[in-house]
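Everything on this sheet refers to the single structure shown next.
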Amino acid sequence: SSSAFKSSWLLFPLFKFYAPWCGYCKKLEPVWHDVGVELKSSGSPVRVGKMDATAYSGMSSEFGVRGYPTIKLLKGDLAYNYKGPRTKDDIVEFANRVAGPAVRALPSKQMFEHMMKRHNVLFVYVGGESPLKEKYNDVAAELIVYTYFFSASEEVFPESVTLPELPAVVVFKDGAYFTYDEYADASLSSWVNKERFQGYLQIDGFTLYELGETGAVCSKLKTLIQRVAKEYREHFNRDFQFGHMDGNDYINSLIMGEVTVPSVIILNTSNEQYFLPSEPIETMEQLVQFINGVLNGSAQAHGGDGFVQRIKRVAFDARSTIMSVFRSSPLLGCFLFGLPLGVISLMCYGICTAESDDGSDDMDALKREGLTDEEDEEDDEEEEEERQHAPELEGPEEGEHINVLLFCFFVFHITSPQSPSGTERSLPSLSSVLKVGRSVKPSNHASS
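With full-length UniProt numbering applied, the sequence shown corresponds to residues 1 to 448, in that order.
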């Protein structure tokens, strides 16, 4: 069980849940080895391990493993899920941050300046014991996976930093500082989750869904977006996160389409809708107009999470998974997908080419034993001769059906009077006429 597993570790276990067939897991393996060496050599309390999630499916289910690879650090009764870039430095930094205290103290100005140089975003609680501090500690324990949290006195700040009241929660980023307003900014957790990003940053596939907007790299567009992020902070900061992304491979897979580079795109990660400008963005005014169009609903939305889009996403993800398996291990891909496909193909071929059993073998056996009636045999022989001499009937086309029916009714009318001998003939029944129509294909002579 997970409780017994946790109790067997004295320190902080950092585990990778993997699947043997997963190409991403194989790619992570050398990085994972380096992470273990780095943490052990630095004296970190974190211990590194890995677990085959397919062999220990019960344990994986208890820890909520939904994909591979999944990285989790266990701390007490909590399991912190790592969602950052899969590099040695990023994973080591995550492990040391989560394993340490949720809130770290800044006792001096020198320590504050040192942390400002190390971190792009810095959250600091200022003041004594208060309900705000309790909320701050709870938020820090929850969001320590993303950023650091500190506490300090007002004396450690530069003279340029002035706080309207204490206690206070302050975030330092982008060369400025911003104070949490309990009345205007709603919950502290939401405010921290929004402010933990720089005003403009580089985005990758791991951080994209933690944001609200993305774009492609171009020096001109980059400058425009940076200016809008700074000069229009009061207008757009609540709803948008600005940034850039190198290349378009990830964004292409996200929207299941092709985005030209450079380009500007706005992504709503809550419903997977995205917005593209109707014309190339060349000025800051065009960019602001485009963003306002998204806000007021005048910009056309693409994608979404509707039923059709979900079906397309399932098909796209399945295709991508199959292609990744073939790229990482062609032989394994042939075995996983080629073998079942071959078996199904053979089954379909056998069903389509199987001949129906008309009982002829059983009849031949009865004949050899002398168990059939002679009259039945003679009737069968006569019917067989008639079938051989009669023209082969294939499904007539639509026009041929009409000719046969017209011919039958024509015969019906000319044979309905009296016979040449003066005696009245009985008219053929309609069923017999139709039977003739179905069993005889008219010749050109008869139809004339």
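Ideal placement from N, C-alpha and C gives every residue a C-beta, glycine not left out.
Computed from a predicted structure; not experimentally measured.
### Message
At the level of alpha carbons, what is the spacing between Asn-292 and Trp-21?
### Response
The straight-line gap from Cα to Cα measures roughly 46 Å.
### Cβ-Cβ distance between Leu-166 and Val-126 below 8 Å
In this structure, Val-126 lies closer than 8 Å to Leu-166 by Cβ.
### Task
Ignore the nearest five residues each way along the sequence and tell me which others in Glu-195's own chain have a CB closer than 6 Å to its CB.
Shown here for Glu-195: same chain residues with a beta carbon closer than 6 Å to its own, the five before and five after excluded, namely Val-171 in chain order.
### Query
What does a CB cutoff of less than 7 Å around Cys-25 pick up in its chain, not counting 5 residues either side in sequence?
Excluding the 5 residues flanking it on each side, Cys-25 has same chain C-beta neighbours closer than 7 Å at Tyr-18, Ala-19, Tyr-68 and Pro-69, in chain order.
### Task
Kindly indicate the opening and closing residues of the alpha helix (DSSP H) around Gly-350.
For Gly-350, the enclosing alpha helix (DSSP H) starts and ends at 339-353.
### Query
Exposed or buried, which one is Met-51 when buried takes at least 16 other CB atoms within 10 Å?
Buried is the call here.
### Task
Would you mind reading off the limits of the alpha helix (DSSP H) that contains Leu-295?
Counting along the chain, the alpha helix (DSSP H) containing Leu-295 begins and ends at 284-296.
### Span separating the alpha-carbon of Glu-129 from that of Met-116
Cα to Cα, the separation comes out at about 25 Å.
### Task
Could you name the residues of the same chain whose beta carbon sits closer than 6 Å to that of Ala-140, not counting the 5 residues immediately before and after it, in chain order?
Cβ neighbours of Ala-140 within its own chain (closer than 6 Å, five residues either side excluded): Ala-102, Val-103 and Phe-149.
### Task
List the DSSP bridge partners of Gly-175.
Looking at the DSSP assignment, Gly-175 forms no beta bridge with any residue, so it has no partner.
#### Entry: Buried versus exposed, by CB contacts within 10 Å (16 or more), Met-245
A residue is called buried once 16 or more other Cβ atoms fall within 10 Å of its Cβ, and Met-245 is buried on that count.
### Task
Since I believe Ala-99 is in contact with Ser-44 (beta carbons under 8 Å), could you give me their beta-carbon distance rounded to a whole number of angstroms?
Between Ala-99 and Ser-44 the Cβ distance is about 7 Å, and since that is below 8 Å, they are a contact.
### Message
Judging by CA-CA distance, which residue of Glu-134, Val-35 and Gly-199 is the nearest neighbour of Glu-234?
### Response
If we check each option's Cα against that of Glu-234, Gly-199 comes out closest.
### Sub-8 Å separation of Phe-112 and Ala-152 beta-carbons
Yes, they are a contact pair.
### Query
DSSP three-state call for Leu-427: helix, strand or coil?
Any reading at Leu-427 needs caution, since the residue's pLDDT is 42, under 50, leaving its predicted position unreliable; the model's value is listed next. It is coil, neither helix nor strand.
### Query
Contact between the segment 274-282 and the segment 295-315: three or more CB pairs below 8 Å?
Taking a cut-off of 8 Å for Cβ pairs, the segment 274-282 and the segment 295-315 touch, as three or more such pairs fall below it.
### Task
Return the first residue and the last residue of the beta strand (DSSP E) that Pro-107 is part of.
Run containing Pro-107: none; DSSP gives neither H nor E here.
### Task
Please work out which residues of its chain come closer than 6 Å, Cβ to Cβ, to Lys-109, disregarding the five sequence neighbours upstream and downstream, and give them in chain order.
Residues Val-156 of the same chain have their beta carbon placed closer than 6 Å to that of Lys-109, with the five preceding and five following residues left out of the count.
### Query
Residue range of the beta strand (DSSP E) that Asn-237 falls in?
Judged by DSSP secondary structure, Asn-237 falls outside any beta strand (DSSP E); it is assigned neither H nor E.
### Message
Per DSSP, what are the beta-bridge partners of Ala-79 in this structure?
### Response
For Ala-79, which the question treats as bridged, DSSP gives the partners Leu-74.
### Task
For my contact list, Glu-282 and Gly-303 are in at a C-beta cut-off of 8 Å; report their separation, rounded to the angstrom.
Contact between Glu-282 and Gly-303 does not hold, since the beta-carbon distance rounds to 25 Å and is not under 8 Å.
### Task
For Pro-330, count neighbouring Cβ atoms within 10 angstroms of its own Cβ and tell me buried if that reaches 16, exposed if not.
Pro-330 should be labelled exposed.
### Query
Going straight from the alpha carbon of Tyr-232 to that of Gln-226, what length do you get?
When rounded, the distance between both Cα atoms is 10 Å.
### Between the CA atoms of Val-35 and Asp-89 - distance to the nearest angstrom
Per the coordinates, the alpha-carbon of Asp-89 lies some 8 Å from the alpha-carbon of Val-35.
### Query
Under 8 Å, do Leu-143 and Asn-193 count as touching if we go by C-beta distance?
A distance below 8 Å separates the beta carbons of Leu-143 and Asn-193.
### Task
Using DSSP bridges, identify the partner residues of Asn-268.
Asn-268 pairs with Gln-273.
### Query
Taking the C-alpha atoms as reference points, what is the distance between Gly-306 and Val-288?
Looking at the two C-alpha atoms, the distance is approximately 29 Å.
### Query
For the beta strand (DSSP E) that Met-51 lies in, which residues bound it at each end?
Taken as a continuous stretch (DSSP letters only), the beta strand (DSSP E) holding Met-51 covers 46-52.
### Task
Rank Val-37, Leu-28, Lys-72 and Phe-63 by C-alpha distance to the C-alpha of Phe-12 and give the top, closest one.
For the options Val-37, Leu-28, Lys-72 and Phe-63, the alpha carbon positioned closest to that of Phe-12 is the one of Lys-72.
### Query
Beta-carbon separation of residue 458 and Val-92 under 8 Å?
The structure shown does not extend to residue 458, since the chain is modelled only from 1 to 448, so the question has no answer here.
### Message
Within the continuous alpha helix (DSSP H) that includes Pro-101, where are the two ends?
### Response
In the DSSP assignment, Pro-101 falls outside any alpha helix (DSSP H) and carries neither an H nor an E.
### Message
Given 7 Å as the limit, tell me if Val-103 has its C-beta closer than that to any heavy atom belonging to the ligand ADP.
### Response
The model on display carries no ligand, and the ligand ADP is accordingly not part of it.
### Query
Going by the beta-carbon positions, is the gap between Phe-197 and Gln-241 smaller than 8 Å?
Against a cut-off of 8 Å, the Cβ pair of Gln-241 and Phe-197 comes out as a contact.
### Message
On the criterion of 16 or more Cβ atoms from any shown chain inside 10 Å, does residue 452 qualify as buried, or is it exposed?
### Response
Outside the shown range of the chain (1 to 448) lies residue 452, about which nothing can therefore be said.
### Query
If you draw a straight line from the alpha carbon of Ser-132 to that of Asp-138, how long is it in whole angstroms?
The question names Ser, but residue 132 in the sequence shown is Leu. Within the model, the alpha-carbon separation for Leu-132 versus Asp-138 is close to 10 Å.
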